[in-house]
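Q: A single structure is presented below for examination.
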Ligand code: HBI
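Numbering (our numbering), first residue to last: -14 to 82.
This is the structure we're talking about:
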């Protein structure tokens, strides 16, 4: 199991994602971003690509889709908070966007 990041580690590693529009929950347990696409087909095909990344690394997002909007949040249940895996996954998601 990956180790839960300290507040200091989160601050350092999250800076880049903050610029990309991700936010950190007040309790620092998860990170979140809302993606808006041009239409449902684009939103859903993006979700399919991200789902395959999730399966590859065995780390899965909490997300919901309404029409062309996808809300995604990342946390590591096993660690009870944020780990390196969540930040890596968010960076991989940005590469897919
Ligand atoms: N995905 N986001 C997230 N957090 C987890 O802790 C997690 C996961 N996907 C699979 C997973 N853990 C498995 O390792 C365990 O549920 C067996």
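Backbone N, C-alpha and C fix where the C-beta goes; we use that ideal spot for every residue, glycine too.
1) Leaving aside the five residues before and after residue 71 along the sequence, list all residues of the same chain whose C-beta is less than 7 Å from its C-beta, in chain order.
2) Work out the CA separation of residue 19 and residue -3 for me, nearest whole Å.
3) If I measure Cβ to Cβ from residue 85 and keep anything under 7 Å in the same chain, skipping five residues before and after, which residues do I get?
4) Among all the DSSP beta bridges, which residues are the ones paired with residue 66?
5) Which residue's Cα is closest to the Cα of residue -7: 23, 43, 69?
A: Considering the structure as presented:
1) Cβ neighbours of residue 71 beyond the five flanking positions: 16, 59, 60, 61.
2) Each residue's alpha carbon lies about 22 Å from the other.
3) Past the edges of the chain, shown from -14 to 82, lies residue 85, and the structure says nothing about it.
4) DSSP lists 61 as the beta-bridge partner residues of residue 66.
5) Ranking the options by Cα distance to residue -7, first place goes to 69.
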